[in-house]
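Read the structure below first, then the notes.
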Amino acid sequence: MSEKIALVGGGGREDALARKLFESGAELITIMPNDNPSIRSISTECLVTKSRDANLLSGFIMDKKPDLVYVSPDSYLETNLVDKLEFNKIKVACPSSTAFQIESSKIFMRQLMKRYGIPGNLKYEVLDNEYDIQKMLSNTSFEFAIKPSGLTGGKGVRLTDQHFNNRVEAIDYAKQVFLRDKKVLIEEAVRGEEFSVQLFTDGISTIFAPIAQDYKRLYENDKGPNTGGMGSITDVELKLPFIRPQIYERAKDISKRFVEALAQDGQIFRGVLYVQFMQTKDDLKVIEVNGRLADPEGMNILTVIEGDVTDLLFKIADAELKRAKITFRRKATTLKYLVPPGYGISPKPDILRINTEGLPDHVHIYYSSVEGEVNEVKMTDSRAIAIVAESDSIPDASSMVEMNLWRIRGNYEMRHDIGSLKFIEEKVEKMKTGNY
Ligand code: AMP
Ligand code: GLY
Numbered sequence: 075m076s077e078k079i080a081l082v083g084g085g086g087r088e089d090a091l092a093r094k095l096f097e098s099g100a101e102l103i104t105i106m107p108n109d110n111p112s113i114r115s116i117s118t119e120c121l122v123t124k125s126r127d128a129n130l131l132s133g134f135i136m137d138k139k140p141d142l143v144y145v146s147p148d149s150y151l152e153t154n155l156v157d158k159l160e161f162n163k164i165k166v167a168c169p170s171s172t173a174f175q176i177e178s179s180k181i182f183m184r185q186l187m188k189r190y191g192i193p194g195n196l197k198y199e200v201l202d203n204e205y206d207i208q209k210m211l212s213n214t215s216f217e218f219a220i221k222p223s224g225l226t227g228g229k230g231v232r233l234t235d236q237h238f239n240n241r242v243e244a245i246d247y248a249k250q251v252f253l254r255d256k257k258v259l260i261e262e263a264v265r266g267e268e269f270s271v272q273l274f275t276d277g278i279s280t281i282f283a284p285i286a287q288d289y290k291r292l293y294e295n296d297k298g299p300n301t302g303g304m305g306s307i308t309d310v311e312l313k314l315p316f317i318r319p320q321i322y323e324r325a326k327d328i329s330k331r332f333v334e335a336l337a338q339d340g341q342i343f344r345g346v347l348y349v350q351f352m353q354t355k356d357d358l359k360v361i362e363v364n365g366r367l368a369d370p371e372g373m374n375i376l377t378v379i380e381g382d383v384t385d386l387l388f389k390i391a392d393a394e395l396k397r398a399k400i401t402f403r404r405k406a407t408t409l410k411y412l413v414p415p416g417y418g419i420s421p422k423p424d425i426l427r428i429n430t431e432g433l434p435d436h437v438h439i440y441y442s443s444v445e446g447e448v449n450e451v452k453m454t455d456s457r458a459i460a461i462v463a464e465s466d467s468i469p470d471a472s473s474m475v476e477m478n479l480w481r482i483r484g485n486y487e488m489r490h491d492i493g494s495l496k497f498i499e500e501k502v503e504k505m506k507t508g509n510y
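Set out below in structure tokens:
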């Protein structure tokens, strides 16, 4: 008999996961804010609601008597949905809201690093009055990152040297955050190459996925405002060509230290931990820690994952991850997101027609925040369709995505430069010179 899994989330990352679960024989019950046609097509039942009310959602889920629940997006993980399910003895493969504080409170994350001496911390201050904000940011000898502590969908962080015309504007922004949240996190700003480490954990053991890089800026050549992510890459040997090998080993070690610190702190973290790092000229810094699969990078790793993903989730829930048989295919992946025209500024969602006929095995089209049918979707204001290709090199995979764009008709925007040879070579050069 197949295992019944309730999956919460309706984006591209959840589509990739749903397909893996379906392939490994699970029966899917899904809850999603948009009626994602791809996820719907492989689910036996769906609840489409924008509500994130934990009573409503846990009631629906418990009624279906699933064998396991996986809550995927951050906006649901910060509610007490998982806590309610656990209280009712439902098996979950994701963190409780308290363990999820590692993402939902950037202040908690920095303080945890300090308390447990986890390497890679940044100098930071938590400020709770306008006087201190003014005083700190008026010091123009340093650049700072101004951050709301809570979730902002990757769009709340502002850097003094990049997002403002002058310090007065930066101070105003920090004050706005303080007036809304009663506190604001101000960190030293660092420069370098960012990358993401994603690992599966049951709170004890860990399985590392290939490291990834996502491209947050809206426009080509990393220009424009930050978005949720316009695309992402992974490479053949689980590493990236512009990240020094010893940095990669240290990043893995630091990521494990988070799992251990949370356990020592009384919070067993179960699910996917996703740590964003920055390789600087001569060091490694933690930029952010997330308690879930990355979007888009989660899709890169789910594209090359090998093994029974349904079993993986059970092993996470049952604290038996050391017995899981999961590996990653030695292929490079490049993912590019197709987004509505004006995305991130003033979106004008359109219809997209999608032709998947004869789609090669090494190319995948994942459906994100869309509705409608699999061959004709209605975009929303968010990212619409992700195309991922796997090949022997990142630039090859990038070209393969381009070669399959004819399959999508309609008005959209995207970044074509993601994964291009020129882009990778420039990054390798920067690694060699340390000139970030
Ligand atoms: P976050 O939401 O913390 O991941 O921040 C979004 C983006 O802002 C990161 O991917 C970085 O590019 C940038 N960022 C965040 N914190 C810092 C920092 N302390 N120094 C430099 N850049 C940062
Ligand atoms: N890759 C950005 C995020 O998942 O937050």
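So the sequence shown is numbered by this note's numbering: it starts at 75 and just counts up by one. Ideal Cβ positions, reconstructed from N, Cα and C, are used throughout, including at glycine. Fair warning: this is a prediction, and the values are worked out from it, not measured in the lab.
Per DSSP, residue i forms a beta bridge with which residues?
{"i": "F388", "result": "Answer by DSSP bridge pairing: none, since F388 is not bridged."}
{"i": "Y440", "result": "A460"}
{"i": "M453", "result": "V444"}
{"i": "Q350", "result": "S270 and E362"}
{"i": "T275", "result": "T280 and G345"}
{"i": "D288", "result": "S306"}
{"i": "C120", "result": "T104"}
Following a CB-centred definition, is residue i positioned closer than 8 Å to any heavy atom of the ligand AMP?
{"i": "M352", "result": "yes"}
{"i": "A368", "result": "no"}
{"i": "V258", "result": "no"}
{"i": "I328", "result": "no"}
{"i": "K180", "result": "yes"}
{"i": "R265", "result": "yes"}
{"i": "V271", "result": "no"}
{"i": "L233", "result": "yes"}
{"i": "A244", "result": "no"}
{"i": "K221", "result": "yes"}
{"i": "L71", "result": "A question about residue 71 goes unanswered here, because the residues of the chain that appear run from 75 up to 510."}
{"i": "I459", "result": "no"}
{"i": "E101", "result": "no"}
State yes or no: is the C-beta of residue i nearer than 8 Å to some heavy atom of the ligand GLY?
{"i": "Y348", "result": "yes"}
{"i": "N364", "result": "yes"}
{"i": "G277", "result": "no"}
{"i": "E515", "result": "An answer regarding residue 515 cannot be provided, because it is not within the stretch 75 to 510 covered by the chain."}
{"i": "K290", "result": "yes"}
{"i": "S306", "result": "yes"}
{"i": "G303", "result": "yes"}
Who are the near neighbours of residue i in its chain, counting only those whose CB is closer than 8 Å to its CB and skipping five residues on each side?
{"i": "F343", "result": "P169, A173, I176, T275, G277, F332, V333, L336, A337 and G365"}
{"i": "V166", "result": "L142, V143, Y144, V145, V156, L159, E160, R344 and A391"}
{"i": "K422", "result": "P414, P415, G416 and N485"}
{"i": "S212", "result": "R241 and I245"}
{"i": "E445", "result": "N108, D109, N110, P111, V451, K452 and T454"}
{"i": "M210", "result": "E199, L201, F218 and I260"}
{"i": "E380", "result": "I400, T401, F402 and R403"}
{"i": "A100", "result": "S76, E77, K78, I79 and T384"}
Below 7 Å CB to CB, which residues in the same chain sit around residue i once its five sequence neighbours on both sides are set aside?
{"i": "G493", "result": "I307, T408, I468, P469, A471 and S472"}
{"i": "S465", "result": "K405, A406, H436, A471 and M474"}
{"i": "A283", "result": "Q272, L273, I375 and F402"}
{"i": "E330", "result": "As written in the sequence, residue 330 is Lys, which differs from the Glu given in the question. Excluding positions up to five away in sequence, the list reads T280."}
{"i": "T547", "result": "No statement about residue 547 is possible, as the shown extent of the chain runs from 75 to 510 and does not include it."}
Give the single residue among the options whose Cα lies nearest to the Cα of residue i.
{"i": "Y143", "options": "Q185, V231, E77 and L201", "result": "The residue you asked about is not Tyr; residue 143 is Val in the sequence shown. When each option's Cα is compared against that of V143, the closest is E77."}
{"i": "E431", "options": "N449, S329 and E261", "result": "N449"}
{"i": "E204", "options": "G372, I379 and D255", "result": "D255"}
{"i": "E447", "options": "N429, R457, A460 and K163", "result": "N429"}
{"i": "L159", "options": "S178, D127, K180 and R189", "result": "D127"}
{"i": "Q236", "options": "L225, V264 and K209", "result": "V264"}
{"i": "R483", "options": "D356, L412, Q341 and E268", "result": "L412"}
{"i": "M106", "options": "I375, T214, L479 and L131", "result": "L131"}
{"i": "S456", "options": "I79, G85 and L81", "result": "G85"}
{"i": "K506", "options": "G418, F216, K330 and F316", "result": "F316"}
{"i": "E217", "options": "L196, R189 and G227", "result": "L196"}
{"i": "Y348", "options": "G230, V360 and E152", "result": "V360"}
{"i": "F388", "options": "Y247, I207 and A398", "result": "A398"}
{"i": "L151", "options": "V346, L186 and S270", "result": "V346"}
{"i": "F351", "options": "L495, Y510, A325 and E499", "result": "A325"}
{"i": "Y322", "options": "T377, G194 and G99", "result": "G194"}
{"i": "S149", "options": "K163, M488, N129 and S125", "result": "S125"}
{"i": "I419", "options": "P299, V258 and G224", "result": "P299"}
{"i": "R232", "options": "Y247, G224 and L225", "result": "Y247"}
{"i": "K313", "options": "P434, G227 and E268", "result": "E268"}
Looking at the ligand MN, does it come within less than 8 Å of residue i, judged from the CB to the closest heavy atom?
{"i": "K355", "result": "The model depicted lacks the ligand MN and carries the ligand AMP and the ligand GLY instead."}
By Cβ distance, which residues of its chain are closer than 6 Å to residue i, with the 5 residues on each side in sequence left out?
{"i": "F238", "result": "A244"}
{"i": "L121", "result": "I105 and F134"}
{"i": "P222", "result": "G230, V251 and D255"}
{"i": "K257", "result": "V200 and D202"}
Cβ pair count under 8 Å reaching 3, the segment 127-136 against the segment 110-118: As far as the Cβ criterion goes, the segment 127-136 does not touch the segment 110-118, which means the pair count is below three.
Would the segment 364-378 and the segment 286-294 be scored as touching if the rule is three or more Cβ pairs under 8 Å? Yes: the two stretches touch, three or more of their Cβ pairs being nearer than 8 Å.
Quick one: any contact between the segment 377-384 and the segment 291-303, if contact means 3 or more CB pairs under 8 Å? These segments do not touch.
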